[in-house]
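Below: the structure, in structure tokens.
In full-length UniProt numbering, the protein residues as written are 1 to 279.
Spelled out as structure tokens, the structure:
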């Protein structure tokens with residue numbers, strides 16, 4: 001059976017490297033969907049992918065649009081009868097000079113609600129031995145959250161519950177109350193924790209069936225990369241390029257499943273502990 005892969009946020013950086021890597025390592029009979037919000041950038045990105053591997057098709061997908069993920073999922077199901085690999089990589093980046101109160105609405109729509117939309121839309125479409133991987137960060141662990149806030153994201157029962165907790169944090173950032181509470185000032189931390197919590201929550205619901213079908217649902221940390229956005233925060237002059245960072249993520253998607261990865265946050269093939277007590 002020919003395989004179908006999808007990468008969100010794939011017009012540049014890590015997303016483009018993932019699409020290129022999938023196309024290179026998959027069969028010429030397979031299809032890789034390279035997606036993004038802007039048709040011109042999607043078209044340009046598709047044109048940059050070297051030929052000779054899987055077919056690369058561009059599609060418009062804005063994960064911040066509440067209907068977009070479901071719409072594309074229906075289209076791909078009609079075309080292919082399911083999907084085999086999904087990388088949820090779309091992200092809104094934030095810089096040191098951005099006011100969290102001004103950007104938090106769009107930020108959570110893309111990074112968090114976009115993630116749960118993708119999980120809801122594409123997890124049911126995974127074929128046997130499929131992979132659904134959310135690109136997150138090592139910041140997405142309870143280690144980086146005050147203990148008083150751990151219960152907000154631990155042991156949630158549904159993606160709706162995850163969305164409610166993210167919305168509560170978003171509202172606290174927007175009205176300024178987060179500053180006087182225990183929330184960290186760096187919005188990336190609660191956002192990434194929300195992403196990993198979403199993966200963990202869905203994994204608990206699907207674990208038994210996915211194990212029988214060889215499916216992997218996981219979050220992944222690509223590590224520090226040499227990108228313009230990262231350079232606004234840190235010295236990344238010696239950090240890997242997106243193409244180099246993509247290798248471990250592609251291995252996770254294409255190599256045989258390691259059961260210990262299921263529902264976890266993985267970096268370079270190793271599971272990062274969710275909480276200090278899980279070390």
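The beta-carbon is built from N, C-alpha and C at its ideal position, and this holds for glycine as well.
| Item | Value |
| --- | --- |
| Leaving out the 5 sequence neighbours to the left and right, which residues in its chain are closer than 6 Å to residue 196 when beta-carbon positions are compared? | 136, 140, 219, 265 |
| Tell whether a beta-carbon distance below 7 Å holds between residue 254 and residue 25. | yes |
| Between the beta-carbon of residue 174 and the beta-carbon of residue 104, is there less than 7 Å? | yes |
| If contact is defined by three or more beta carbon pairs under 8 Å, each pair taking one atom from either stretch, is the stretch 15–35 in contact with the stretch 242–254? | yes |
| In the DSSP assignment, find the beta strand (DSSP E) that holds residue 84 and state where it starts and stops. | 83–88 |
| Using the Cα positions of residue 81 and residue 124, report the straight-line distance between them to the nearest angstrom. | 11 Å |
| Please determine whether the Cβ atom of residue 266 lies at a distance below 6 Å from any heavy atom of the ligand MN. | With respect to the ligand MN, the structure offers nothing, as it holds no ligand at all. |
| So is residue 69 buried or exposed if we call it buried at 16+ other beta carbons inside 10 Å? | buried |
| For residue 211, tell me which candidate among 201, 168, 29, 261 has the shortest Cα-Cα distance. | 261 |
| Helix, strand or coil for residue 37 per DSSP? | coil |
| What is the DSSP secondary structure of residue 59, counted as helix, strand or coil? | strand |
| Indicate whether the contact test is met: 3 or more Cβ pairs, each with one atom in the stretch 43–59 and one in the stretch 102–118, closer than 8 Å. | no |
| Taking the continuous beta strand (DSSP E) assigned at residue 133, which residues delimit it? | 126–135 |
| To the nearest whole angstrom, what separates the beta carbons of residue 142 and residue 193, a pair I think is in contact under 8 Å? | 7 Å |
| If residue 33 and residue 6 are in contact, beta carbons under 8 Å, what's the gap, nearest whole angstrom? | 4 Å |
| Going by DSSP, name the residue or residues bridged to residue 5. | 32, 85 |
| Just confirm the distance between the C-beta atoms of residue 134 and residue 88, as a whole number of angstroms; I'd bet it's less than 8 Å. | 5 Å |
| Kindly give me the distance between the Cβ atoms of residue 198 and residue 116, rounded to whole angstroms, as I take these residues to be in contact under 8 Å. | 5 Å |
| Let me check understanding here. Comparing Cα to Cα, which of 2, 128, 148 lies closest to residue 209? | 128 |
| What do you reckon, are the CB atoms on residue 2 and residue 30 nearer than 7 Å? | yes |
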